[in-house]
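Worksheet: one structure, shown below.
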Amino acid sequence: MKRIAAGILAFTMFAAAGCSGTQSGTTGSTSGTGASQGQTVKIGFIAPLTGDAKTYGESAKKGFDLALEQAGNKAGNFTVAVTTGDDRNDPTEGVNLATKMITQNQVKAIVGAVTSSVTIPVSEVANSSKIVMITPTGTAAKATVDDKGARKPFAFRAPFIDPFQGQVAAKFAIENLKVKTAAVLYDKGNDYSVGLMEEFQKTFIAKGGTVVTSLSYGKDDTDFSAIMTNVAAKKPDMIYLPDYYNKVSLIAKAAKAKGLTVPLVGADGWDSADLDTAALDGGYFTNHYSADDPSPAVQKFVKDYEAKYKVKPDSFAALGYDATNMLLEAIKQADSSDSEKIRAALQGLKDFAAVGGKLSFDQNGNPIKAAAILQVQAGKGYKFITSVQP
Amino acid sequence: MIHLIEQIINGLQLGFVYALIALGYTMVYGIIRLINFAHGDVFMIGAFVGYFGFAVWGLPWPVAILVSMAVCALVGMAIERLAYRPLRKKGAPNIAALITAIGVSLFIEYFTSLKFVFGPNYRVVERPFADKLFHLGPINISSVQLLVMGVVLVLVAGLQFIVYRTKVGKAMRAVSHDRDAARLMGIDVDRVISYTFAIGSALAAAAGVLFALAYPQISPFMGIMPGLKAFTAAVLGGIGSIPGALLGAVLMGQAETLTAAYITTDFRDAIAFGILILVLMVRPAGLLGKAGPEKV
Chain P
209 MKRIAAGILA FTMFAAAGCS GTQSGTTGST SGTGASQGQT VKIGFIAPLT
259 GDAKTYGESA KKGFDLALEQ AGNKAGNFTV AVTTGDDRND PTEGVNLATK
309 MITQNQVKAI VGAVTSSVTI PVSEVANSSK IVMITPTGTA AKATVDDKGA
359 RKPFAFRAPF IDPFQGQVAA KFAIENLKVK TAAVLYDKGN DYSVGLMEEF
409 QKTFIAKGGT VVTSLSYGKD DTDFSAIMTN VAAKKPDMIY LPDYYNKVSL
459 IAKAAKAKGL TVPLVGADGW DSADLDTAAL DGGYFTNHYS ADDPSPAVQK
509 FVKDYEAKYK VKPDSFAALG YDATNMLLEA IKQADSSDSE KIRAALQGLK
559 DFAAVGGKLS FDQNGNPIKA AAILQVQAGK GYKFITSVQP
Chain B
7 MIHLIEQIIN GLQLGFVYAL IALGYTMVYG IIRLINFAHG DVFMIGAFVG
57 YFGFAVWGLP WPVAILVSMA VCALVGMAIE RLAYRPLRKK GAPNIAALIT
107 AIGVSLFIEY FTSLKFVFGP NYRVVERPFA DKLFHLGPIN ISSVQLLVMG
157 VVLVLVAGLQ FIVYRTKVGK AMRAVSHDRD AARLMGIDVD RVISYTFAIG
207 SALAAAAGVL FALAYPQISP FMGIMPGLKA FTAAVLGGIG SIPGALLGAV
257 LMGQAETLTA AYITTDFRDA IAFGILILVL MVRPAGLLGK AGPEKV
């Protein structure tokens with residue numbers, strides 16, 4: 209009996225493995241037929257196109273496709289051949305795809321992955337095989353550096369990393385909002401929240417501001433009345449809330465109940481259709497990009513994107529577009545399909561005109577670029593205020 | 007000093023909500039020696055029904071609270087009838103009833119988080135009245151705090167009246183004292199148990215609506231932490247004792263709030279539960295509980 213059960217189990221596992229193999233099988237498509245010089249460079253694209261992070265992957269792919277289409281599948285003298293894979297937001301699947309693309313399809317560079325949890329292992333594979341990887345949206349620090357903080361030289365990213373938003377928020381608060389004192393509230397169990405809080409405080413103090421109080425809370429806390437009574441007693445000029453949309457909605461209500469009307473400032477975690485815009489009315493947050501940014505680069509991208517897909521591009525689409533364009537530019541400048549030369553060109557990009565502003569890479573493969581500041585408007589969504597250079 | 011008074015009021019707001027939930031735990035335990043773990047989920051259903059009442063159906067909030075209490079009274083009676091009574095009739099051991107209670111709790115949480123019931127996401131609650139700060143001298147009290155404390159005091163007074171001044175209350179006390187003797191005296195024990203569930207659940211529903219007004223975000227899993235804390239409060243005060251539940255809940259609320267206000271928010275739960283452990287080491291039956299053989 210046991211043996212039969214084991215047999216069935218083995219069979220099911222085998223069948224399941226077979227299934228996933230076919231589903232996520234890479235779909236090679238060699239575009240650009242008559243490569244006159246016969247020079248082709250292969251690049252891979254890895255994103256979650258099914259599963260729980262599907263919309264992120266879909267947006268990033270739309271940005272990727274648009275960038276390639278506009279470039280006519282060309283990067284300088286090279287024709288670009290694309291291999292696309294679906295990682296289903298599963299790190300194992302991501303590693304399998306990356307390995308397959310590198311060893312079988314012989315890609316020289318990979319755009320992907322989209323989520324940080326998949327990007328980190330994919331970056332390990334790419335880096336050890338000396339293949340360039342640029343993640344459009346992976347914000348975790350470890351996507352480009354290893355556990356000891358040493359750079360993975362072949363890994364790059366298009367978004368700014370989490371702590372960077374803290375610096376931008378502090379700069380915006382001091383220079384644009386003209387505040388002198390701030391209170392900071394953060395979720396002690398959330399790396400994102402803690403990272404932003406630390407950078408905000410560092411920059412805010414360095415620029416002459418005073419952090420009057422810095423208080424933490426737990427993920428499941430719902431009662432902020434005690435915290436807010438303490439905050440109100442310190443009379444800060446602003447409150448920094450680096451957390452996700454549901455928590456900040458709750459905190460903002462508690463602040464209002466205590467009669468606090470000072471500006472609330474946050475980060476891209478606020479960017480959600482479920483944000484309570486009434487409670488956060490007038491609050492500011494830093495984001496990767498805003499479709500309302502009047503800069504010509506953004507408006508051209510929004511127009512092209514809307515013409516092709518009939519929807520407004522979100523941050524994922526914009527970052528996917530930027531990541532792809534940077535890679536194409538690097539291939540063009542390197543004028544080579546050698547991944548080491550592409551890496552050097554990418555690292556050396558200076559003030560590349562992207563949707564997210566003028567881009568260069570720092571020594572850790574993170575872009576140095578502007579952040580968009582948006583203001584929440586009750587019932588309406590967000591209004592673009594300004595973009596802040598670090 | 008003023009700051010301290012304001013923090014104590016914050017703590018009372020929290021403690022009073024815990025008190026309403028704790029009453030349900032303690033009443034049910036007093037009567038059938040069962041920890042009704044589904045109680046926190048009745049609280050959650052109460053919050054949702056109240057939210058639908060004033061936000062979707064446009065009822066005035068006091069009516070919404072009453073509707074929610076009525077609905078949850080029925081829910082509580084249904085839970086008892088469908089899940090606990092059959093076990094009791096078969097003379098199942100207490101541990102079976104306890105596990106059933108956990109099962110009912112999980113069932114309610116996951117059933118209500120289905121898309122066609124309440125859905126799994128957070129919902130933001132818009133308060134149906136304006137936020138106002140009242141100034142009593144230098145002390146600030148918000149309209150929500152006044153509302154929560156007012157409603158809880160009225161409900162607790164009502165409960166006192168039912169338990170000590172009505173026939174049902176007398177029957178409840180009798181069953182709690184000695185179930186078999188009560189039955190011999192001609193009391194319909196099943197009906198009394200059913201009423202107890204109804205009253206406890208109605209109080210939890212009111213607590214749910216008040217919680218949703220005070221901390222305006224609701225989700226199908228919102229009942230877990232308040233339920234646990236209210237249960238702790240009931241044990242702290244002495245489970246089975248109504249004044250004990252009130253005392254325990256107020257202490258829990260103060261412990262949490264004052265820790266958050268004066269020590270650090272990191273320790274709020276650690277200290278609140280630490281107090282529970284200390285009290286139980288000194289008085290195992292709780293602050294106002296009667297020592298006796300426990301049968302959980």
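Quick mapping for you: the protein sequence lines, in order, are chains P and B.
Following our numbering from start to finish, the first sequence increments by one per residue and tops out at 598.
Following our numbering from start to finish, the second sequence increments by one per residue and tops out at 302.
Cβ atoms here follow ideal geometry from the backbone N, Cα and C, with glycine treated the same way.
Going along chain P in order, which residues have a C-beta closer than 7 Å to the C-beta of residue i?
i, result
"residue 45(B)", "What residue 45(B) touches in chain P: nothing, since even the nearest Cβ is about 18 Å away."
"residue 263(B)", "434"
"residue 12(B)", "437"
For residue i, return the contacting residues in chain B, with the cut-off set at a CB-CB distance below 8 Å.
i, result
"residue 458(P)", "221, 222, 223"
Taking residue i and residue j to be in contact with their CB atoms under 8 Å, please state how far apart those CB atoms are, rounded to whole angstroms.
i, j, result
"residue 341(P)", "residue 325(P)", "Going by Cβ atoms, the distance from residue 341(P) to residue 325(P) rounds to 15 Å, so no, they are not a contact pair."
"residue 255(P)", "residue 265(P)", "4 Å"
"residue 283(P)", "residue 250(P)", "Their Cβ separation, rounded to whole angstroms, is 11 Å, which puts residue 283(P) and residue 250(P) out of contact at 8 Å."
"residue 264(B)", "residue 17(B)", "6 Å"
"residue 579(P)", "residue 432(P)", "Contact doesn't hold; Cβ gap of about 27 Å is too wide."
"residue 207(B)", "residue 46(B)", "At roughly 11 Å, the Cβ-Cβ gap does not stay under 8 Å, so residue 207(B) and residue 46(B) are not in contact."
"residue 469(P)", "residue 420(P)", "Incorrect: roughly 16 Å between the Cβ atoms, too far for contact."
"residue 202(B)", "residue 27(B)", "Going by Cβ atoms, the distance from residue 202(B) to residue 27(B) rounds to 15 Å, so no, they are not a contact pair."
"residue 571(P)", "residue 365(P)", "Not a contact, Cβ separation roughly 13 Å."
Hey, residue i and residue j: beta-carbon distance below 8 Å or not?
i, j, result
"residue 110(B)", "residue 89(B)", "yes"
"residue 467(P)", "residue 456(P)", "no"
"residue 157(B)", "residue 216(B)", "yes"
"residue 410(P)", "residue 379(P)", "no"
"residue 363(P)", "residue 587(P)", "no"
"residue 41(B)", "residue 107(B)", "yes"
"residue 254(B)", "residue 243(B)", "yes"
"residue 54(B)", "residue 224(B)", "yes"
"residue 182(B)", "residue 83(B)", "no"
"residue 252(P)", "residue 291(P)", "yes"
"residue 343(P)", "residue 327(P)", "yes"
"residue 241(B)", "residue 282(B)", "yes"
Taking buried to mean at least 16 other C-beta atoms within 10 Å of its own C-beta, is residue i buried or exposed?
i, result
"residue 171(B)", "exposed"
"residue 74(B)", "buried"
"residue 598(P)", "exposed"
"residue 299(B)", "Since pLDDT at residue 299(B) reaches only 49, below the 50 mark, its modelled position is unreliable, and no value is offered."
"residue 121(B)", "exposed"
"residue 205(P)", "Since the first residue shown for chain P is 209 and the last is 598, residue 205(P) is missing from the structure and cannot be characterised."
"residue 167(B)", "exposed"
"residue 19(B)", "buried"
"residue 237(P)", "Any reading at residue 237(P) needs caution, since the residue's pLDDT is 44, under 50, leaving its predicted position unreliable; the model's value is listed next. It is exposed - the Cβ of residue 237(P) has fewer than 16 other Cβ atoms within 10 Å."
"residue 230(P)", "Bear in mind that the predicted position of residue 230(P) carries a pLDDT of just 39, short of 50, making it too unreliable to give a figure here."
"residue 244(P)", "With a pLDDT of only 46 at residue 244(P), under the threshold of 50, the placement of this residue in the model should not be trusted; the figure read from the coordinates follows. Residue 244(P) comes out exposed."
"residue 13(B)", "buried"
"residue 314(P)", "exposed"
"residue 224(P)", "Residue placement at residue 224(P) is flagged as unreliable, the pLDDT there being 45, under the threshold of 50; a coordinate-derived value is accordingly withheld."
"residue 221(P)", "Note that residue 221(P) scores 47 on pLDDT, short of 50, meaning its location in the model is unreliable; the coordinates nonetheless yield the value given after this. Per the 10 Å Cβ criterion, exposed."
"residue 141(B)", "exposed"
"residue 284(B)", "exposed"
"residue 584(P)", "buried"
"residue 233(P)", "Note on residue 233(P): pLDDT 40, under 50, position unreliable in the model; no value is reported."
"residue 241(P)", "Residue placement at residue 241(P) cannot be trusted, given a pLDDT of 41 that sits under 50; what the coordinates show is reported in the next sentence. Its Cβ having fewer than 16 others within 10 Å, residue 241(P) is exposed."
"residue 21(B)", "buried"
Going along chain B, which residues have a C-beta under 9 Å from residue i?
i, result
"residue 497(P)", "Under the 9 Å cutoff, chain B gives no residues; its nearest Cβ is about 25 Å from residue 497(P)."
"residue 425(P)", "266, 271, 272, 274"
"residue 435(P)", "266, 267, 271"
"residue 486(P)", "130, 132"
Starting from the beta carbon of residue i, find every residue of chain B whose beta carbon is closer than 7 Å, and list them in chain order.
i, result
"residue 438(P)", "267"
"residue 431(P)", "20, 221"
"residue 441(P)", "9"
"residue 428(P)", "231"
Starting from the beta carbon of residue i, find every residue of chain P whose beta carbon is closer than 9 Å, and list them in chain order.
i, result
"residue 127(B)", "454, 482"
Kindly examine the ligand PLP and report whether one of its heavy atoms sits closer than 7 Å to the Cβ of residue i.
i, result
"residue 584(P)", "This structure lacks the ligand PLP; in fact it carries no ligand of any kind."
Establish whether the CB of residue i and some CB of chain A are separated by less than 8 Å.
i, result
"residue 291(B)", "Protein chains in the displayed structure are P and B, and chain A is not among them."
**Q.** Contact set between the region 133 to 156 of chain B and chain P, restricted to residues whose Cβ is under 7 Å from the partner
**A.** 137, 139, 146, 148, 150
Q. When you check each C-beta in the region 14 to 44 of chain B against every C-beta of chain P, which residues fall closer than 8 Å?
A. 16, 17, 19, 20
Q. Going along the region 215 to 249 of chain B in order, which residues come within less than 7 Å of chain P, judged by CB to CB distance?
A. 221, 222, 223, 231
Q | Where the region 460 to 475 of chain P meets chain B: residues whose CB sits under 9 Å from a CB there | A | 461, 462, 464, 465, 466, 467
Q. Taking a cut of 7 Å between CB atoms, which residues from the region 395 to 413 of chain P lie near chain B?
A. 396
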